[in-house]
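Novice:
There are 2 protein chains.
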Amino acid sequence: MALVTKNSYHHGDLRQNLIDAAIALISEEGISDLSLRQVARRVGVSHNAPYRHFEDKEALLAAVAEQGFQCLRVTMETAKQGIPIDSFQCLEAIGIAYVNFALAQPFHYRLMFGDYRYNLSKHSALAEAAQQSFMVLVNTIREGQSAGIFRSADPLSMARVAWSLVHGQSMLALDNRLQVKQGEEFVTFLKFSSQILIQGLAGNSAT
Amino acid sequence: MALVTKNSYHHGDLRQNLIDAAIALISEEGISDLSLRQVARRVGVSHNAPYRHFEDKEALLAAVAEQGFQCLRVTMETAKQGIPIDSFQCLEAIGIAYVNFALAQPFHYRLMFGDYRYNLSKHSALAEAAQQSFMVLVNTIREGQSAGIFRSADPLSMARVAWSLVHGQSMLALDNRLQVKQGEEFVTFLKFSSQILIQGLAGNSAT
DNA sequence: AATTTAATGTTGTCAGTGTCAACTTTAGAA
DNA sequence: TTCTAAAGTTGACACTGACAACATTAAATT
């Protein structure tokens with residue numbers, strides 16, 4: 001509670017400061033070289049101070065990932081705004097926003113998806129944040145179904161397919177494995193890709 | 001050249017032995033705790049011996065990843081066999097085999113896809129192996145186009161979409177984020193998913 | 001207001017890591 | 001047979017995550 005000034009013995013909000021510092025370091029250098037001690041140094045605190053706020057390194061990284069999922073959810077929700085629910089563009093806009101999010105914060109995105117190994121059951125807040133961002137997709141599918149533009153299959157399954165696609169694109173792009181130059185060419189690919197997905201989601205059956 | 005016995009000073013084929021040991025350790029414990037020294041110990045060699053065969057830790061892991069891509073390619077090629085080129089089942093079979101590969105060797109698969117960060121340009125053999133496994137997909141799409149079951153768009157782009165989907169499914173499944181129980185339910189999901197993809201790939205245009 | 005207490009931050013330590021440098025052994029070319 | 005370069009070893013260094021013991025402080029209790 002106590003709002004303490006920076007240079008007092010007690011730090012004020014060390015927990016959030018550590019998370020912020022970790023995000024900053026990850027954005028600069030990636031995650032493989034990130035050390036708890038480095039984070040502590042950046043905040044100007046002893047190498048063991050983080051252990052008062054996080055059980056271990058994994059717990060700090062889980063908090064960082066959690067924050068990432070919150071950002072991702074907001075990004076997707078923002079992308080949806082202003083686009084009619086009953087249009088194909090809605091899902092396309094979300095997909096493009098999703099991949100752009102990943103490309104804009106490559107290391108942070110990787111961290112969110114298992115670059116470091118979490119015990120998900122141990123970090124329920126992380127699991128919850130991830131679930132909420134997924135729900136943006138599910139709801140969009142549901143709305144599209146109500147509007148009659150998507151087939152009437154299980155919306156969860158359909159959302160999982162969409163999620164797999166954008167996640168795969170994001171990861172492969174980050175790995176530099178898609179061989180599509182960033183910029184206009186990449187956007188063209190994303191649109192092509194979402195067109196294929198949407199067409200698949202629209203159709204009614206028939207193998 | 002010289003085929004030396006195990007217990008001589010010179011080891012015989014230390015390079016491959018190190019790769020094998022690394023794969024074994026990764027399969028057992030994952031990659032985050034893997035150390036070069038551990039690998040060396042497993043092979044029964046001093047902690048610095050690996051440096052005669054690999055520039056650094058990254059180089060060893062790149063070799064492990066490369067081997068993984070070769071396996072993946074064989075897996076996909078095998079899955080294709082016996083299934084008519086002009087049938088939708090061909091792509092489905094490859095997709096299912098792909099995801100099953102990932103699920104069967106979770107840590108190895110992750111390693112192949114950037115769980116450790118490679119300088120891809122520095123490890124050209126790895127890039128080459130990855131490219132070859134991707135070509136299985138591209139060729140399947142091309143053959144499907146010749147048979148008239150897929151639209152006549154750029155096969156590379158189409159293959160990238162397919163790859164993104166199966167890669168995304170694999171990663172999300174490994175992260176335990178799909179919430180689909182392994183087993184029959186999961187196979188059902190994979191088939192549903194490939195049906196959506198194939199329908200999208202088949203269609204001719206119309207947003 | 002004084003005292004206690006629990007939360008927070010620090011120092012010291014440990015085994016383990018990746019990598020460098022210097023040394024030793026060995027296989028095969030000269 | 002000698003020489004040399006490849007292959008393996010030993011020793012060192014700075015760094016890491018984590019533990020234990022200690023110090024400081026904010027705030028709850030008296």
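Top line first, the protein sequences correspond to chains A and B. Numbering follows my numbering, with no gaps: position 204 of the first sequence is 204. Numbering follows my numbering, with no gaps: position 92 of the second sequence is 92. Ideal Cβ placement from N, Cα and C applies to all residues, glycine included. Bear in mind that the values here come from a model prediction, so they are computed numbers and not experimental data.
To the nearest angstrom, report how far apart residue 97/A and residue 159/B are at their CA atoms.
Specialist: Looking up residue 97/A in the first sequence gives position 97. Looking up residue 159/B in the second sequence gives position 159. So the two alpha carbons sit approximately 22 Å from each other.
Novice: Below 8 Å, can you find three or more Cβ-Cβ pairs linking the region 43 to 50 of chain B to the region 101 to 116 of chain B?
Specialist: With the cut-off at 8 Å, the region 43 to 50 of chain B and the region 101 to 116 of chain B do not touch.
Novice: Relative to chain B, which residues along the region 92 to 121 of chain A have a C-beta separation below 8 Å, given in chain order?
Specialist: Residues passing the 8 Å Cβ filter: 110, 113, 114, 115, 116, 117, 120.
Novice: Using the Cα positions of residue 6/A and residue 60/A, report the straight-line distance between them to the nearest angstrom.
Specialist: Start at 1 with the first residue of the first sequence, and residue 6/A comes out as number 6. Start at 1 with the first residue of the first sequence, and residue 60/A comes out as number 60. Note that residue 6/A scores 44 on pLDDT, short of 50, meaning its location in the model is unreliable and no value can be drawn from it.
Novice: With residue 167/B as the anchor, note down where its alpha helix (DSSP H) starts and where it stops.
Specialist: Here residue 167/B refers to the residue found at position 167 when the second sequence is read from its first residue. Where residue 167/B is concerned, the enclosing alpha helix (DSSP H) stretches over 155 to 174.
Novice: Name the residue from 89/A, 79/A, 44/A, 88/A whose alpha carbon lies nearest to the alpha carbon of residue 254/A.
Specialist: Look at the range of chain A in this structure, 1 to 207, and you will see that residue 254/A is not part of it.
Novice: Would you be able to state if there are at least three C-beta pairs under 8 Å between the region 161 to 173 of chain B and the region 189 to 201 of chain A?
Specialist: Yes, they touch.
Novice: Leaving out five residues before and five after residue 83/B in sequence, what residues of the same chain have Cβ atoms less than 6 Å from its Cβ?
Specialist: For the purposes of this step, residue 83/B is identified with residue 83 of the second sequence, where counting begins at 1. Excluding positions up to five away in sequence, the list reads 89, 90, 93.
Novice: Please identify the residue among 117/A, 139/A, 66/A whose C-alpha is closest to the C-alpha of residue 85/A.
Specialist: If you number the first sequence from 1, residue 85/A lands on position 85. Here the closest residue by C-alpha is 139/A.
Novice: Take residue 201/A as the anchor and find which of 87/A, 102/A, 126/A has the nearest alpha-carbon.
Specialist: Within the first sequence, numbered from 1, the residue matching residue 201/A stands at position 201. Cα-wise, what sits closest to residue 201/A is 87/A.
Novice: Leaving out the 5 sequence neighbours to the left and right, which residues in its chain are closer than 8 Å to residue 136/B when beta-carbon positions are compared?
Specialist: As a position in the second sequence, residue 136/B is number 136, starting the count at 1. Cβ neighbours of residue 136/B beyond the five flanking positions: 73, 76, 77, 80, 94.
Novice: Reducing DSSP to helix, strand and coil, say where residue 50/A ends up.
Specialist: Within the first sequence, numbered from 1, the residue matching residue 50/A stands at position 50. Looking at residue 50/A - three-state DSSP - the assignment turns out to be helix.
Novice: Beta-carbon of residue 157/B versus every beta-carbon of chain A: anything under 8 Å?
Specialist: Against the second sequence, residue 157/B aligns to sequence position 157. Yes, its Cβ sits closer than 8 Å to a Cβ of chain A.
Novice: So with CB distances below 9 Å, who are the chain A contacts of residue 62/B?
Specialist: Your numbering for residue 62/B matches position 62 in the second sequence. Simply none; closest approach about 13 Å.
Novice: Compile a chain-ordered list of the residues in the region 21 to 36 of chain A whose CB is closer than 7 Å to at least one CB of chain B.
Specialist: Cβ contacts with chain B come from 30, 32.
Novice: Helix, strand or coil for residue 98/B per DSSP?
Specialist: Locating residue 98/B in the second sequence gives position 98, where the first residue counts as 1. Three-state DSSP puts residue 98/B in a helix.
Novice: Verify the CB distance criterion: does residue 47/B have a CB-CB separation below 8 Å to chain A?
Specialist: For this step, residue 47/B is matched to residue 47 along the second sequence. Chain A contact via Cβ: absent.
Novice: Can at least three beta-carbon pairs, one atom from the region 119 to 134 of chain B and one from the region 172 to 185 of chain B, be found at a separation below 8 Å?
Specialist: No, the region 119 to 134 of chain B does not touch the region 172 to 185 of chain B.
Novice: Could you list the residues in the region 193 to 204 of chain A with a C-beta less than 7 Å from some C-beta on chain B, going in chain order?
Specialist: Listed by position, the residues of the region 193 to 204 of chain A near chain B (Cβ gap below 7 Å) are 193, 195, 196, 197, 199, 200, 201, 203.
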